[in-house]
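Enquirer: Please read through the structure below; I'll follow up with questions.
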Amino acid sequence: DRIKAVADQWRDIAALGDAEAAKTIRADEIDILIDVNGYTKMARAKIFAYRPAPVIVNFCGYPGSIGSPFHQYMIADGHIVPPENEIFYTEKVLRIACNQPIDRKRVIAPTPSRIDAGLPDGAFVYACFNGMQKITSDCFNRWMKILSATPGSVLWLLAGDEDANVRLRQLAEKQGIAAERLIFAPKAPNANHLARIACADLFLDTFPYGAHSTASDAITMGLPILTVSGNGFASRFCGSIVAAAGIPEMICATPEEYVARAIGFAHDRESLRAIRTSLWDKRDTSALRDMPGLARRLEELYWQMQGEAERGETPVPDLRNLDIYYEVGAELVLEGIEFETADAYRKRYTSKLAYQNEYAPIPYDDRFWKQNKG
């Protein structure tokens, strides 16, 4: 409703078919069309395939490249997509300070006591409110290692269905962790959920698919986040939020560092309090809450896109060898390497491409390997 109230014109196209929606957009002479869904739930990718606007942008909703011939731009920050990783994106990457700034007008209920939140009063509380689909076996095993090294601590998770909750407790018991040390937070209205987040001591991010909006929630409530930044968009998103909040030291280089530091904080709560204080001190000055700065930067980027369109300089997505690149990427996933740096992944990726090129020459593409154009 807030967005609707400030828009010059508001059109609801939800009930329209894809072709009709595209026709409506074209009739309104939209210059820049923003795709905030990508391939996520309720996506309408076919609307964009009709190319109803001269400029189409991938921004905000999908954690990766769309890989289409009609999305010319992506808006992202430098942590999520470092310059050296732009080769993996078909869109031209334009920069903002932080990919997910925090809404300063969110309604937050009064903070409950730990007892009211279902938590033991004196325990060190690790928390993760990411969806359960992001909890891999490797990630869960590391959490159990952390709990094993910190007697009396608990892990506070967002409840799934009862079968999932029972299964996680069974897995914990197999590793010698008492079932009651896993505490599940029931669903709650957003204002109440935000309020209870403050009861935790440390947010443990998942990987390789990390926190997105849940990280923003934690930072909003002054809860420090410990994360590992991997090599892709989804694994670097939480690190972007943590860095923009002014606590880049909470981004770990490896899963081993993540475990060691999580254990260390439970044994040295004072150091964690200092980080929490830093979060609150930087709360109103960090890039996360600089809405005027974000608005100015987006306006600059939109004018840049419009200017490039008027000069006939709108980038054309480079889809050379896209099927091959996808297959190589899928092969790397199947190799089962849980974590590696972005640099290590690029080397592994280009090596596999070069190997494949020796047996079945791939059309020249200097984004990935060096060879003679002839």
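In our numbering, the protein residues as written are 1315 to 1688. From the three backbone atoms N, C-alpha and C, an ideal C-beta is built for every residue, glycine too. The structure presented is a predicted model; accordingly, all values stated were derived computationally and were not measured.
If you pair each beta-carbon of the segment 1410 to 1417 with each one of the segment 1579 to 1586, do three or more pairs fall below 8 Å?
Expert: no
Enquirer: Helix or strand or just coil, what does DSSP make of LEU1586?
Expert: helix
Enquirer: Mapping the DSSP letters down to three states, classify ARG1681 as helix, strand or coil.
Expert: coil
Enquirer: Can you round the beta-carbon distance between ALA1525 and ASP1519 to whole angstroms, since I take them to be within the 8 Å contact cut?
Expert: 5 Å
Enquirer: Within its chain, find whatever has a CB closer than 6 Å to the CB of PRO1368; leave out the 5 residues flanking it on each side and keep chain order.
Expert: ALA1623
Enquirer: With a CB to CB cut of under 8 Å and the five nearest residues on each side skipped, what residues in its chain are close to ILE1565?
Expert: THR1541, VAL1542, SER1543, GLY1553, VAL1556, ALA1557
Enquirer: Could you check whether the segment 1423 to 1430 touches the segment 1370 to 1390, counting it as contact only if at least three pairs of C-beta atoms, one from each stretch, sit closer than 8 Å?
Expert: no
Enquirer: Relative to the alpha-carbon of LEU1602, which residue among GLY1331, SER1382, ASP1531, ASP1326 has its alpha-carbon at the smallest distance?
Expert: The shortest C-alpha separation from LEU1602 is found at ASP1531.
Enquirer: Can you find the residues in the same chain that come closer than 6 Å, C-beta to C-beta, to THR1534, ignoring five residues on each side of it along the sequence?
Expert: ILE1416
Enquirer: Distance check for GLU1405 and ALA1321, CA to CA, integer angstroms please.
Expert: Taking the straight line from one Cα to the other gives about 28 Å.
Enquirer: So the beta strand (DSSP E) MET1619 belongs to, where does it begin and stop?
Expert: From DSSP, MET1619 is part of no beta strand (DSSP E) but of the alpha helix (DSSP H) over 1605 to 1624.
Enquirer: Tell me which residue opens and which closes the alpha helix (DSSP H) that ARG1456 is part of.
Expert: 1451 to 1462
Enquirer: Where do the N-terminal and C-terminal ends of the alpha helix (DSSP H) with TYR1673 fall, by residue?
Expert: 1656 to 1673
Enquirer: Express the C-alpha separation of LEU1593 and ALA1363 in angstroms, rounding to a whole number.
Expert: 43 Å
Enquirer: Determine whether the beta carbon atoms of VAL1407 and GLU1398 lie at a separation below 7 Å.
Expert: no
Enquirer: Using the Cβ count rule (16 or more neighbours within 10 Å means buried), how would you classify TRP1470?
Expert: buried
Enquirer: Go through its chain and collect everything with a Cβ distance to LYS1596's Cβ below 6 Å, but skip five positions before and after it.
Expert: Within the same chain, LYS1596 has close Cβ partners GLY1560.
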